[in-house]
Every structure is written in structure tokens, then in C-alpha cells.
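Start counting the sequence shown at 98; every next residue gets the next number (our numbering).
The C-beta atom is built at its ideal place from N, Cα and C for all residues, glycine as well.
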Amino acid sequence: MLNHGGYRGKSLAFLQKNSVRVGDVVKVMADSSYSGILMPRYEYSDDEHIVLKLKSGYNVGLEIDKIKKIETESSTNMKKENLPQAQIDPKLPRLLLISTGGTIASKIDYRTGGVTPALTAAELNAAVPELGKIANIDTEVLFSEYSENLLPEHWKKIAEKIDSCIRSEYKGIIVAHGTDTMQYTAAALSFTLAGITIPVALVGSQRSSDRPSSDAALNLISAAKFLIESNTSGIYVVMHNSTNDDEVACHWGTRVRKNHTSKRNAFQTIGGSPAYIVKNGTIEKNLQFNYVKREYTPRINFDTRVALVKYYPGLDPKIIDFIISSGYKAIIFEGTGLGHIGKIMYEYVDKAKKKGLFMGMTSQCIDGMVRMTVYESGRDLLNLGIIPLSNMIPETALVKAMWALGNSKNPEEMEKLMKENIALEFSD
């Protein structure tokens, strides 16, 4: 039976007439010539078009009435592929590749047309044979989730897995991760595994691994080279540094942010340049950040009773009452400019302080320092007990607050941890 997933009416009759099925590579003659994979349609799609995924990785809809000819170039192979076994080279170092899901561990599901977390770590390794020339790669699937579904309990599982490998033969660890919340996980690992003695690279891709335009392969290859050759330690996010395939950036885990929805160079270091650049097979180090190594003291715990409040004109200050009554223990404010919130909030901020909540201030601005002594409003907030958090990224501050709360016996100890520069969350 031919697979015509999602097509109906006129479009279904057209596909049946031409013996074409979803997943086939077809050539279509219309206003121009198109070659690509026939994609499925969704439940509420019209019956006037078919959809092709082109070699560029993008989709195009073609109106049936304008199609002069369609022919199948190759049919879908529905059989499960046999993955080649990686060859072990005793001369090469060992890396561990942990798969958690996300686009880098995804491919198109031709039954639904969606991108699904279907690739295992072993499949990723097999799909990028260049990895086997850099290191012997062990693979493990820790879980398979889109990163928007990850919770602090997942951060904890990743951290515990990495900690269990610290005294192993692994030269470094790759964590295949979705990009949407990668900066949160990177920050979480940076704090829980502060002082880690090996390098860890979180690697993702903006486009799924089976797309011709995917950035997965270069990101993985560059991450492997970085882990083997950089002679460093710490937590990094390794992603494209430009829209081309010319260089890959290695960002500090607490200084990185996803700044674009779809570009391959979506990630940027905030407050400086990436820690390392992988370019033409070489590793270039950035000496800008003065990172001081510390004793490895893993503290793998989180308390999620922390709220991130983005201030805006018209924000109802009663949200602070809700936060207090809901049992939260800390608030990270994403304030305006140098670190301000409107005076309409002051009464409620005072309530939170009297209830013993930690309150930290970050800025909505992408770059620059929080400086609450410049204007009267900032000084008022300091007097109300809000702690300025310099140029810490709001998302990093949220994660750090969860970590600090989970590893503190009292508010004073939490405040001390929040002020300490543990993993380069404060930069010069």
C-alpha cells in the first residue's frame, strides 16, 4: 500500500495516479524544475498542493494544476538501516558522546512530517565518520527529549553522569542537546560541576541531522577536536560562529546566549568573544577572559523555588504577592537599563525582603553592567535589599539562583554564593 500521509482529495488522486508516495525523491516540472523529497501534509492542509523538501533543506509548496510532470527518482527505503560498527584505534584518545535529544539528534519523520528525536548517539557517531579519525567515541543515550521539555531534574541527571566519568579515561565529553534551552543546561553544569578537570562540550544543531543544510556534522567534528586538542577544562557550548561552514565557536557555559531563532550562528558570547574558535582544523584561544581554575567540588542539587520577573511598564506588582504566597524563596529581576524597576513595585519588593526572599537584579540589555548607584531609582532598590548581579545573563542568574538555593542552609549563605564568581558568570 502506498504511503500518502496527510494528502486527500485532489492531491491524493494526483499522487495515486503517478504512483508517488511520501518519502520518495521526485523530480517535478512546473514553472521550474524541482528535485526533492515528497513531504506529508497535515490534517488541515488543502488538497491543491504537494510539498517537497529541497536539497537545500527548505520546503516548497507546488500547486498541482501547474505541475506538468512528476517522476520518482528513488523510492523510500522503509527498512531499518544497519549501522556500521566504529573501528577502534588504540592510538586515539577516548571521548564519551551523551545523547539527550534535540535537533542534533533528530531526523524527519515521514509519517508526520515533523522533526522527531529519533537518532541515537550511536547513529550520530555513524553518520559522522570523521569523528572516528579524531577519537574513539563511546555513546550513551541518557534520555531523548526536545530541550524545551527539559527540567532541572534533567540537568541533575546530566551532571551526575558527567561526574561519574571524571576519573575515567575520557579526554572529554560531548553532550548532544537541543538548542532552545542549551544555555540553561550549560549554566547548570557550570555551577554543579565547578572546577571540573576535563572539558565538556554541549553541541546542538539548528537543522536536523538528515538535512543537507544541517550544521550538526561540523559542530560535532569541531567539538571533538576542541576536546582533544585544547588542553583545557570547563563547560562549553560549541556551535557555528558564522552562517557559513568556516568556523565554530566554543563559548563559556555561563556567558552564552541563543540570539537567533534559526541561524546556524545563533549562539553568541555575551560581554566578549568566544573562549575558543575552531577554524580550518586549528584551535584559537581567546585570552580576554581571566578564568581561574578552582578545586573540583561538585554540588549537584537545585531548588526551583526561584522566579524570573521581567519588568515592563504596566506590570502588575501584585505578581510579587503571588510569588511570596506560592512559597518562592528568590526572585531574579530582569530590569531596564542599568537595573531598574518602576516605583510601583517598591512596596511589594519591601514585602518580599521582609519575608526573607533573595532578590537579584539583571538587565534586559544584551550587554553591559548593572549599575544601581547611578540613578536615584537604583539606589532606592539597593536600600530595599535588591542585589546587583553585574553583567550576569538573566537566564544564567536564574539557574545560579536555583543552584545556590539548593546548596545553601540559609539566605545569607545563598547571597554569598550569588555574589561569588564561580564559573565566569561575572566577566570583566
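Taking all protein chains in view, the Cβ of H274 is crowded by 16 or more other Cβ atoms within 10 Å, so the residue is classified as buried. Partner residues in a beta bridge of A291, as assigned by DSSP, do not exist. Taking a contact as a CB-CB distance under 8 Å, the pair I293 and I332 counts as one, their CB atoms being some 7 Å apart. Within a 10 Å sphere around the beta-carbon of Q184 sit fewer than 16 other beta-carbons, which makes this residue exposed. Every beta strand (DSSP E) of 3 residues or more that sits fully in the segment 103-178 is shown, in chain order, as 122-126, 130-136, 146-151, 156-160 and 166-171.
Closest option to V345, judged by alpha-carbon separation, among R352, K355, V334 and R354: V334. In this structure T351 is buried. Its beta-carbon is surrounded by 16 or more other beta-carbon atoms within 10 angstroms. Considering only K253, T197 and T276, the residue with the shortest C-alpha distance to H357 is T276. At a Cβ-Cβ threshold of 8 Å, G457 and F419 do not count as neighbours.
By the Cβ-count criterion, S339 is exposed, with fewer than 16 other Cβ atoms from all chains shown falling within 10 Å of its own Cβ. Where G229 is concerned, the enclosing alpha helix (DSSP H) starts and stops at L228 to I231.
About 4 Å separates the beta carbon of T278 from that of S244, a gap short enough to meet the 8 Å contact definition. Per the Cβ contact rule, the segment 462-472 is not in contact with the segment 256-263 (fewer than 3 Cβ pairs under 8 Å). Short of 6 Å from the beta carbon of M442, and not among the five residues preceding or following it, lie these beta carbons of its own chain, in chain order: P414. Per DSSP, the unbroken alpha helix (DSSP H) holding R476 starts and ends at E473 to N480. Minimum Cα-Cα distance from E160 among the listed residues R191, G133 and V125 corresponds to V125.
Looking at G103, K440, L239 and I428, the one whose alpha-carbon comes closest to that of G411 is K440. Secondary structure of S302 (DSSP, three-state): coil. CA-to-CA, the gap between T366 and G301 works out to about 16 Å. One Cα belongs to L384, the other to A449, and the distance between them is close to 41 Å.
Of K268, N115, H348 and P226, the smallest CA-CA separation from A313 is found for P226. Residues of the same chain with a CB within less than 7 Å of the CB of T394, apart from the 5 flanking positions on each side, are A291 and G292 in chain order. Leaving aside the five residues that flank F240 on each side, the residues in its chain whose CB is nearer than 8 Å to its CB run, in chain order, T197, G198, H251 and K254. The beta carbon of Y472 sits closer than 6 Å to none of the beta carbons in its chain outside the five residues before and after it. Distance from the CA of G158 to the CA of Y425, rounded to the nearest whole angstrom, comes to 49 Å.
Of the residues assessed, N488 falls on the buried side of the cut-off, its CB having 16 or more other CB atoms within 10 angstroms. The bridge partners DSSP lists for M456 are I428. Counting only the Cα atoms, G434 lies some 10 Å from G475.
Take the alpha-carbon of D128 and the one of K166: they are about 11 Å apart. Distances from the alpha-carbon of V272 to those of D162, I318 and C462 put I318 closest. Assigned with DSSP and collapsed to three states, P190 falls in coil, not helix or strand. At least 8 Å separates the beta-carbon of L405 from that of P485.
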